[in-house]
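Here my numbering is used: the first residue of the sequence shown is 20, the next is one more, and so on.
Positions of the beta carbon are idealized from the N, C-alpha and C atoms, including for glycine.
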Amino acid sequence: MPTPPPTGTLVTRATLTPQLRELGVRPGGILLVHSSLSSLGWVNGGPVTVVHALLDALGPDGTLVVPTQSGHLSDPALWQAPPVPEEWWGAIRATMPAYDPLTTPSRGVGVIPETVRTWPGARRSAHPQTSFAAVGPRAAEIVAGHATDCRLGERSPLATLERLAARVLLLGAGYDSCTAFHLAEYRVPTPRVEVGRPGPDGWETVTEVSISSERFDELGHDFERDRPVVRGRAGAAEARLFPLADAVAYAERWLPVHRPREEGLSHPAV
């Protein structure tokens, strides 16, 4: 059966850029973007067009930041989508390639972040599982100093973005993907877990703050109810724009009340 033709509005760089500006993306700003390409509709040029439009809206003095996570660099004993046979675990640990900021692909964050990761001039942070990539004049500053034992805390780009008054753009993505909320997990009582991963000298285990996006959709609902969030559309997608620092501060108050610490146990998802 032939594939039906696309319907709805054609999305191009020329149509998307003014929509982002109307939403409130300003030249010279710093923008952390969580995105879903499919939610935008039929985009002529796909993720390359979206990245061009974001950079157009930010202008030459603005900086675009995206999550480029690689949770597949994790213990195969925890894999669930799909699991692998237990008799493979030892061999997988022994042969899994270590993280390389230049060559390790992102996974689970969509094709737009992967496009930013490979964009000319892009810089990427050092954490082997929860890296960020950035393009623009503040890119090196934002990704620098990402400690390899601090996934999304005070020594990660999230804390730098907070200090630099960055804003978050949810471009067809939900609050369950809002990494800014994880910074709050490092500031409230949260369990620690052992995290396995490949290292430059072989398999290694580090102790990390437990992170989880459980109930982030509820957290985002309450945040949007109580704090100023700009809502609009970009292409066919619903978009939200808000200060990262506001999201972190709200989550610091919300998490201890609504999500007891025992609910926070998590390892990197695969």
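| Check | Outcome |
| --- | --- |
| 6 Å Cβ shell around R259 - same chain, five flanking residues per side excluded | L189, V248, R250 |
| Distance between E204 and P275 (C-alpha atoms, nearest Å) | 9 Å |
| Per-residue DSSP class, three states only, for H53 | strand |
| Anticipated Cβ contact below 8 Å, L39 with A255, distance rounded | Actually they do not touch by this definition, with Cβ atoms about 14 Å apart. |
| Outcome for Q99 when other beta-carbon atoms lying within 10 angstroms are tallied against a minimum of 16 | exposed |
| Stretch-stretch touch, CB-based, cutoff 8 Å, three pairs: the segment 57-73 with the segment 156-167 | no |
| Cα-Cα separation, E282 to E160 | Note that E282 has pLDDT 42, beneath the 50 cutoff, so the model's placement of it is unreliable and the number below is only indicative. Approximately 34 Å between the Cα atoms of the pair. |
| N- and C-terminal bounds of the beta strand (DSSP E) containing A253 | 249-253 |
| Presumed contact (8 Å Cβ cut-off) between H277 and E213, rounded CB distance | Wrong, their Cβ atoms sit about 27 Å apart, outside the cutoff. |
| Span separating the alpha-carbon of G191 from that of A268 | 23 Å |
| C-beta contact flag for A76 and T36 at 7 Å | yes |
| Backbone CA spacing between V30 and P147 [nearest angstrom] | 34 Å |
| Residue closest to D245, alpha-carbon to alpha-carbon, out of W273, W222, A185 | W273 |
| Own chain partners of V85 with C-beta closer than 6 Å, once the 5 adjacent residues on each side are dropped | V52, P132, V135, A152 |
| Helix, strand or coil at T179 [DSSP, three-state] | helix |
| Where the alpha helix (DSSP H) through E243 begins and ends | 235-245 |
| Boundaries (first-last residue) of the alpha helix (DSSP H) holding P217 | First-last for P217: 211-218, but that is the beta strand (DSSP E), not the alpha helix (DSSP H). |
| Pair within 7 Å by beta-carbon distance, R112 and T68 | no |
| R157 vs T82 beta-carbon contact at 7 Å | yes |
| S57 burial status per 10 Å Cβ neighbour count (16 or more: buried) | exposed |
| Within 7 Å, strictly: CB atoms of A96 and W108 | yes |
| Pairwise C-alpha distance: R170 and P101 | 24 Å |
| Euclidean distance between Cα positions of R182 and P21 | 52 Å |
| Reduced DSSP secondary structure (H/G/I, E/B, other) of L77 | helix |
| Per DSSP, the bridge partner or partners of W222 | P217 |
| Selected residue, minimal CA-CA separation from T179, among I49, E41, R126 | I49 |
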